[in-house]
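Structure record follows, encoded as structure tokens.
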Amino acid sequence: MPAPQAQEGYSTPPTQPQQSSDATSSHSKLSRSKSDVNSVSVASDAPSREHSTRHNLVSDKGGGQEEKERIKEAARASKEPKKNNFVAKGKRKVDDPVTGGEVIIQDTADFDIDPSTLDSRYRGGFSTKKPVSAKAYDAEYVNPSPARPTSILLQRFPEPMKAESLKEMSGIFEKILYGYAAIVILVWGVATVGHGWFAFLTRTILLGIAAFAGYMSIGLVQNKITAEFERIRAHMHKQRGERFAPPYPESVEWLNAAVATIWKQLNPEMFTAALDQVEDIMQSSLPGVVSSVKISDFGMGSNPLRFIAMRALADLMTDKEYPRDMWIERNEDKGEAAGPSVDQVEEKLDDDMGADARRAEAEDLAGDFLNMEVSFCYSALPGQSGKDRSKNVHLLIEFFIGAFDWLEIPLPVWVQVERVVGTVRLRAQIMSEPPFLRNLTFSLMGVPSVSISAIPMTRILPNVLDLPLISNFVQSSIAAAANMYVAPKSMTMNMRQMLSGDGIKKDTDALGVLVVNIHHGEGLSSQDLNGKSDPYCVLSFAKFGRPMYSTRIIFEDLNPVWEETAFLLVSREDVRSDESLSVQLWDSDKRSADDIVGRVNVTLRELVRNPNKILPRLSDLMGFEDADTMEGRLNWSVGFFEKANLNTKLRQNQKDENESAAEQTVDRKPAPIDSEQEALALDTPPDPQWPSGILSVIVKFVAGLERRDVEKGVKEKDREGAAGQDVEMGSSHLPSGYCELILNDNMFYKTRVKQYSNMPYFQAGTEIFVRDWTKSELRIIVRDSRLREHDPIMGIVALPLKSLFEKSSQVERAFSLQDGVGYGKVSCGIVFRSVKLSLPRELRGFNTVSIDLLSNVEVRGKTEELTRKLNSSKVHLIAGLHEKKLGSLKKQPNVGENESLIRMPVYDRYSTNLIFSFGRHMIPGNLVPGTSNHMAVAMLPLRELEDEQVTDIELPILTGNNLHALERNFINKQTTKTHEFEEIGSLSVRVRVNPGLDESHRECLDGARDRHEFEVYERLVGLPQRSEENSHANDDGVITRQERKAIEKLQTQQLHMRHRGAMGYTPVRTAVWAKDGLKSHLRQLGHSMFGGMGKRDQHVQSET
1403 MPAPQAQEGY
1413 STPPTQPQQS
1423 SDATSSHSKL
1433 SRSKSDVNSV
1443 SVASDAPSRE
1453 HSTRHNLVSD
1463 KGGGQEEKER
1473 IKEAARASKE
1483 PKKNNFVAKG
1493 KRKVDDPVTG
1503 GEVIIQDTAD
1513 FDIDPSTLDS
1523 RYRGGFSTKK
1533 PVSAKAYDAE
1543 YVNPSPARPT
1553 SILLQRFPEP
1563 MKAESLKEMS
1573 GIFEKILYGY
1583 AAIVILVWGV
1593 ATVGHGWFAF
1603 LTRTILLGIA
1613 AFAGYMSIGL
1623 VQNKITAEFE
1633 RIRAHMHKQR
1643 GERFAPPYPE
1653 SVEWLNAAVA
1663 TIWKQLNPEM
1673 FTAALDQVED
1683 IMQSSLPGVV
1693 SSVKISDFGM
1703 GSNPLRFIAM
1713 RALADLMTDK
1723 EYPRDMWIER
1733 NEDKGEAAGP
1743 SVDQVEEKLD
1753 DDMGADARRA
1763 EAEDLAGDFL
1773 NMEVSFCYSA
1783 LPGQSGKDRS
1793 KNVHLLIEFF
1803 IGAFDWLEIP
1813 LPVWVQVERV
1823 VGTVRLRAQI
1833 MSEPPFLRNL
1843 TFSLMGVPSV
1853 SISAIPMTRI
1863 LPNVLDLPLI
1873 SNFVQSSIAA
1883 AANMYVAPKS
1893 MTMNMRQMLS
1903 GDGIKKDTDA
1913 LGVLVVNIHH
1923 GEGLSSQDLN
1933 GKSDPYCVLS
1943 FAKFGRPMYS
1953 TRIIFEDLNP
1963 VWEETAFLLV
1973 SREDVRSDES
1983 LSVQLWDSDK
1993 RSADDIVGRV
2003 NVTLRELVRN
2013 PNKILPRLSD
2023 LMGFEDADTM
2033 EGRLNWSVGF
2043 FEKANLNTKL
2053 RQNQKDENES
2063 AAEQTVDRKP
2073 APIDSEQEAL
2083 ALDTPPDPQW
2093 PSGILSVIVK
2103 FVAGLERRDV
2113 EKGVKEKDRE
2123 GAAGQDVEMG
2133 SSHLPSGYCE
2143 LILNDNMFYK
2153 TRVKQYSNMP
2163 YFQAGTEIFV
2173 RDWTKSELRI
2183 IVRDSRLREH
2193 DPIMGIVALP
2203 LKSLFEKSSQ
2213 VERAFSLQDG
2223 VGYGKVSCGI
2233 VFRSVKLSLP
2243 RELRGFNTVS
2253 IDLLSNVEVR
2263 GKTEELTRKL
2273 NSSKVHLIAG
2283 LHEKKLGSLK
2293 KQPNVGENES
2303 LIRMPVYDRY
2313 STNLIFSFGR
2323 HMIPGNLVPG
2333 TSNHMAVAML
2343 PLRELEDEQV
2353 TDIELPILTG
2363 NNLHALERNF
2373 INKQTTKTHE
2383 FEEIGSLSVR
2393 VRVNPGLDES
2403 HRECLDGARD
2413 RHEFEVYERL
2423 VGLPQRSEEN
2433 SHANDDGVIT
2443 RQERKAIEKL
2453 QTQQLHMRHR
2463 GAMGYTPVRT
2473 AVWAKDGLKS
2483 HLRQLGHSMF
2493 GGMGKRDQHV
2503 QSET
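Under the numbering used here, the letters of the sequence shown match residues 1403 to 2506, in that order.
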């Protein structure tokens, strides 16, 4: 759900769903049943190169005011285009995701390294420097400063045994041998002379044997002592390495020599993803005079990156407590040195954990780990000629100079990377199965120091742009991209999947879904001068402040009753990083920043260990310091629901004896490393027993994206499609494509714009919670971002999920674009996995709906006077931001059997009450635009209605002193206990919920998101329905003037949507764009000057 935006006083709360626009659902009956029932300063002695310097370190772990500001900043970023507001931070202490300890880092730290120190051939290099103090090599510090690189060869080591020493030892053993021989001869003479021939012979033989044995023994001892000396020396070599290798970083010239050889062979396309990320950041933070930017080319050059130093780092396994229970253990009993397998670790984990969560944690703990710290440096070669510059890493960036989307002038700029210096820590998970490497985690120890130079590639307007400004802009964008991976943040890559897999995603990243029921608050603190608050709840993951859901605002209430439900996806990374679910209560302020009312934190691990059940909670509120308590309590419930295994009984038999060789080549087969569920996803559809689940969509690229050129006329050579596949066009004629994803008429994702390309490469996507996959439809829309006109639809792909997943749970295919002004095929990977969650039927509907009143509204007061007064009052129907007048109930027309009294368009259905307001009037002097009071109200929670079902309802009519606040509450026992109101009668009416958009939503359109959603609806549903209606115009034999006018209007609209007729000419489309833009600006100006009902949030989650 979009965050509430100035809806009858809705301020801009600090949230925006990041995983699912469908995360706004409300769990009405389930919720109703439940409701009835800091910043730390640290001083550390950090030694520098030759001495110790005292630094003031700031903990970067969050907490207190810092956490509050981070959450606010994340909220602002969620509703605005991502901007490059990167600011380099000084020295600070953070959690190291590699070693699990703490580390001191600093952004853009240039170590001022002389290139000669990196080469062992020159004097004064790192290899000739002795280690500094032992403290400097603690894992808390990074190399090359203060942990200065050195060489272990400089450590003391016993001299090798020389030949002279060996000769001297041999002489000693020779003398021992001579002495032994003399003793044997002496004994022989004494023992044999004069004792007879028999004694002579026997004793001579025995003494001969003893002499030979003694000779051999002395030789063996001599050889053993010599060999033992060598073994002792080798063992001392090992001891020296083990003693100094972990703390001491060493220069690695052998590795630099290998990199220099490999560097020239690297394909620049390997860095496409990183360049896309930099381009996205630049695009979202462009100055006003630049309309767009594109990285047109990237070159590696022949000047390679160099490694300053590497060192091993101690792991948790070196702790005194190692081996720990539930951690990595060696198989001592079996004499095996390898770490445990995944299955062995999984057996030791808590049985209460869900199967997927237990397996994921076991995979992360299995095997052994290798931790490394690597410092690197890149420096451009000297020389300013074009030939010299081409040897360095370079980019060709096109800046398009524009103003208010009216003009666009390309300015190509050659950007050369002058210098990059940084340090990264790596953690490799080593397994016993090929390819022996599973996860590889890396984390930057501060943002690398980057220096960029920019040179114009055109002589046009050479002095208009300040090129140092351009270089600083690109430099800052690169730093902002790198900042995403600075400790304590990290990135983990599944190298096993990348090296051995087939590159096809067959499972969702999410392990399951959190179902969070926000019931009610009790005794909240007052934040406004009137002694009240305007509370609302925000759900986020606490560590990085990622907002995901916001409830509606309830005005002037200290005991709000929401009864809303959110569905939040939980990924393996969230659990791995020890994330917490944060429930924050805020006070909405129209004219100032919102105030914190309180918060509650629960670790995800605690929730994951108790899967597939809802646990009620009554939590005392705390502030942004754990020691701070706030007034009030929050009654809520939460549960983690894991993914359901695919049903093998539904597996499709793909073996067909009549298959041709061509058909066999396209049959999908699982990769050797695929898990059982990944292999099943290729030929097993989702189980209808579990209709709710997780949908993963990845848009890879659009092939052959081409505009229809309709302005050249109808000459034979210029006819549409005459060029076939041989298309030659300049960049100005190429489309700037981007994709939008819509589920059940609700846009939930948008890719970045790829400037001027007929094959835009995105490789981007998201995951979203789906309430009922059997009734949902996914739409993929490709648009062309244009100047001075609305972005036209190049084509649409409509995919009902029931048909899409008829034979498998994973689809990898290219879909042809239709119903647009362009051609092409969009390649996508789509996966669905059910979760073990059974929602009531009324909670499995659409979030965007319309409400039909199918009968007259009837009221009955508790007295005849009240009945007369209610029937005489003017009735207004209010749903969220939209309002319609019913007038006096006495004058309402009679409603036929197939007719509707009124149709109300509704967005955000699961957090909206349909309000019947009697005698509505504005509150004098109230600063909240649109806020009014009533004589009486009746509220219908729309989450309690089932889609496409006719329901007769009876609602209590309530009156009281503060009805404009009461109307936002859910009416139940808790509301009756904490609010003052009186029931004066009842209201009866027949209603029906129509899922999705319809013509009634046209009057609610306000912003690009609304317009884009409605435009897709019109093409796929609205126009075909109107065509069907017009086809029956002549059923009675007569086409009336009104019917003919409707037919002509529809034909004109269909032509205009395909850029035919008048809309086939650019000036006409520009005029429409200018008119709509002027109306939008005037409307915004009126809202800012005079106030208004506000508008629906137009933000859409995007990869940018």
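Glycine included, each C-beta is placed from N, C-alpha and C at the ideal position.
* Three CB pairs or more closer than 8 angstroms across the region 1612 to 1629 and the region 1661 to 1679 -> With the rule of 3 Cβ pairs closer than 8 angstroms, the region 1612 to 1629 does not count as touching the region 1661 to 1679.
* Using DSSP with H/G/I as helix, E/B as strand and the rest coil, what is D1727? -> For the purposes of this step, residue 1727 is taken as the residue at position 325 of the sequence shown. Since pLDDT at D1727 reaches only 37, below the 50 mark, its modelled position is unreliable, and no value is offered.
* To do: Taking V2393 as part of the beta strand (DSSP E), name the residues at either end of that continuous run.
  => The residue given as residue 2393 occupies position 991 in the sequence shown. Unbroken beta strand (DSSP E) run through V2393: 2384 to 2397.
* Inspect the beta-carbon positions of V1815 and F1801 and report whether they are closer than 8 angstroms. => Translated into positions along the sequence shown, residue 1815 becomes position 413. Translated into positions along the sequence shown, residue 1801 becomes position 399. In this structure, the beta-carbon distance from V1815 to F1801 falls below 8 angstroms.
* Is M1702 helix, strand or coil when you go by DSSP? -> For this step, residue 1702 is matched to residue 300 along the sequence shown. Of the three classes helix, strand and coil, the one that applies to M1702 here is coil, per DSSP.
* Please go through the same chain and pick out, in chain order, the residues whose beta-carbon is closer than 6 angstroms to the beta-carbon of A2464, but skip the five residues on each side of it. => Translated into positions along the sequence shown, residue 2464 becomes position 1062. Answer for A2464: V2470, listed in chain order.
* Would you mind working out which of G2222, R2188, N1794, L2206 sits nearest I2198, comparing C-alpha positions? => Taking the first residue of the sequence shown as position 1, residue 2198 is located at position 796. Relative to the Cα of I2198, the nearest Cα in the group G2222, R2188, N1794, L2206 belongs to G2222.
* Go ahead and pull the three-state DSSP assignment for D2089. => Here residue 2089 is taken as the residue at index 687 of the sequence shown, counted from 1. Note: D2089 maps to coil in three-state DSSP.
* To do: Pull up the DSSP beta-bridge partners for C1939, would you.
  => On the sequence shown, residue 1939 is found 537 positions in, with the first residue counted as 1. The partner list for C1939 (beta bridge, DSSP) reads L1987.
* Closest residue to A1511 among I1803, W1599, G1824, A1536 (Cα-Cα distance) -> Stepping through the sequence shown from its first residue, residue 1511 is reached at position 109. Considering only I1803, W1599, G1824, A1536, the residue with the shortest C-alpha distance to A1511 is G1824.
* **Exposed unless 16 or more other CB atoms sit within 10 angstroms - verdict on M2161** => Numbered from 1 along the sequence shown, position 759 holds the residue referred to as residue 2161. With a 10 Å radius around the Cβ and a threshold of 16 neighbouring Cβ atoms, M2161 comes out exposed.
* To do: Grab me the residues of P2358's own chain with a C-beta within less than 7 angstroms of its C-beta, minus the 5 sequence neighbours each way, in chain order.
  => If you number the sequence shown from 1, residue 2358 lands on position 956. For P2358, where only same-chain residues beyond five positions count, the Cβ hits under 7 angstroms are A2340, E2385, S2388.
* Asked: What does I1998 pair with, by DSSP beta-bridge criteria?
  -> In the sequence shown, counting from the first residue as 1, residue 1998 sits at position 596. W1988.
* **Exposed unless 16 or more other CB atoms sit within 10 angstroms - verdict on V1592** => Here residue 1592 refers to the residue found at position 190 of the sequence shown. Result: exposed.
* **Inter-residue Cα distance where the pair is E2405 and G2282** => Residue mapping note: residue 2405 aligns to position 1003 of the sequence shown, counting from 1. Residue mapping note: residue 2282 aligns to position 880 of the sequence shown, counting from 1. In a straight line, the C-alpha of E2405 is about 14 angstroms away from that of G2282.
* Asked: Which first and last residues belong to the beta strand (DSSP E) in which M2521 is found?
  -> With the chain running from 1403 to 2506 in the structure shown, residue 2521 is simply not present.
* Is it true that the region 1879 to 1896 meets the region 1844 to 1853, where meeting means three or more beta-carbon pairs spaced less than 8 angstroms apart? -> The region 1879 to 1896, when compared against the region 1844 to 1853, does touch it at the 8 angstroms Cβ threshold.
* Asked: On the three-pair Cβ rule with 8 angstroms, is the region 2239 to 2247 touching the region 2473 to 2481?
  -> No, the region 2239 to 2247 is not in contact with the region 2473 to 2481.
* Asked: Whose CA, out of T1604, I2441, R2460, lies closest to the CA of L2425?
  -> Stepping through the sequence shown from its first residue, residue 2425 is reached at position 1023. Out of T1604, I2441, R2460, R2460 has the C-alpha closest to the C-alpha of L2425.
* So, do the region 1995 to 2008 and the region 1969 to 1984 have three or more beta carbon pairs nearer to each other than 8 angstroms? -> Using a C-beta cut-off of 8 angstroms, the region 1995 to 2008 makes contact with the region 1969 to 1984, since at least three inter-stretch Cβ pairs fall below that distance.
* Is the region 2299 to 2315 in contact with the region 2240 to 2257, if contact means three or more CB pairs nearer than 8 angstroms? -> Yes: at least three Cβ pairs fall under 8 angstroms.
* Have a look at F1943, K1934, E1924 and flag the residue whose alpha-carbon is nearest the alpha-carbon of W1964. => Indexing the sequence shown from 1 puts residue 1964 at position 562. Cα-wise, what sits closest to W1964 is E1924.
* To do: Rounded to whole angstroms, what's the CA-CA distance from L1931 to S1990? Just pull it up for me.
  => By 1-based counting over the sequence shown, the position of residue 1931 is 529. By 1-based counting over the sequence shown, the position of residue 1990 is 588. In this structure, the CA atom of L1931 is about 13 angstroms from the CA atom of S1990.
* Asked: Cα separation between S2039 and T1967?
  -> The residue you call residue 2039 lines up with position 637 of the sequence shown. The residue you call residue 1967 lines up with position 565 of the sequence shown. When the Cα atoms are used, S2039 and T1967 turn out to be separated by approximately 9 angstroms.
* Asked: Secondary structure at N2012, three-state DSSP: helix, strand or coil?
  -> As a position in the sequence shown, residue 2012 is number 610, starting the count at 1. In the structure shown, N2012 adopts coil according to DSSP, grouped into three states.
* Consult DSSP for K1736 and reduce its assignment to one of helix, strand or coil. => Taking the first residue of the sequence shown as 1, we reach residue 1736 at position 334. Low confidence applies to K1736: its pLDDT is 37, below 50, so where it sits in the model is not reliable, and the reading given next is rough at best. Here K1736 sits in coil by DSSP.
* Asked: Helix, strand or coil for D2349 per DSSP?
  -> Looking up residue 2349 in the sequence shown gives position 947. DSSP, read as helix, strand or coil, puts D2349 in strand.
* Environment of W2175 [buried if 16+ CB atoms lie within 10 Å] -> Taking the first residue of the sequence shown as 1, we reach residue 2175 at position 773. With 16 or more Cβ atoms within 10 Å of its Cβ, W2175 is classed as buried.
* Inter-residue Cα distance where the pair is V2277 and L2368 -> Taking the sequence shown and counting its residues from 1, the one referred to as residue 2277 is at position 875. Taking the sequence shown and counting its residues from 1, the one referred to as residue 2368 is at position 966. The C-alpha of L2368 is placed about 17 angstroms away from the C-alpha of V2277.
* To do: Take E1504 and list the residues in its own chain whose beta-carbon comes closer than 8 angstroms to its own, dropping the five residues that flank it on each side.
  => Within the sequence shown, the letter at position 102 stands for residue 1504. Closer than 8 angstroms at Cβ, skipping near neighbours: K1495, V1496, D1497, D1498, E1542.
* To do: Report the rounded CA-to-CA distance for P1784 versus H2135, giving the unit in angstroms.
  => Position 382 of the sequence shown, counting from 1, holds the residue named residue 1784. Position 733 of the sequence shown, counting from 1, holds the residue named residue 2135. Rounded to the nearest whole angstrom, the CA to CA distance from P1784 to H2135 is 40 angstroms.
* **Best match in A1659, L1715, A1716 for proximity to R1708 [C-alpha to C-alpha]** => By 1-based counting over the sequence shown, the position of residue 1708 is 306. Checking every option, the nearest Cα to that of R1708 belongs to A1659.
* Spell out a yes or no on whether the region 2242 to 2251 and the region 2179 to 2198 are touching, meaning 3 or more CB-CB pairs, one atom from each, closer than 8 angstroms. => No, the region 2242 to 2251 is not in contact with the region 2179 to 2198.
* To do: Locate the beta strand (DSSP E) running through R1377, then write down its first and last residues.
  => Because the chain here runs from 1403 to 2506, residue 1377 falls outside it and cannot be looked at.
* **Identified DSSP bridge partners for G2197** => Mapped onto the sequence shown, residue 2197 falls at position 795. In the DSSP output, where bridge partners are listed per residue, G2197 has V2184.
* To do: Give every residue of the same chain whose Cβ lies closer than 7 angstroms to the Cβ of L2020, excluding the five residues on either side of it in the sequence, and list them in chain order.
  => Start at 1 with the first residue of the sequence shown, and residue 2020 comes out as number 618. Non-local C-beta neighbours of L2020 in its own chain, meaning closer than 7 angstroms and more than five positions away in sequence, comprise R2035, N2037, ordered along the chain.
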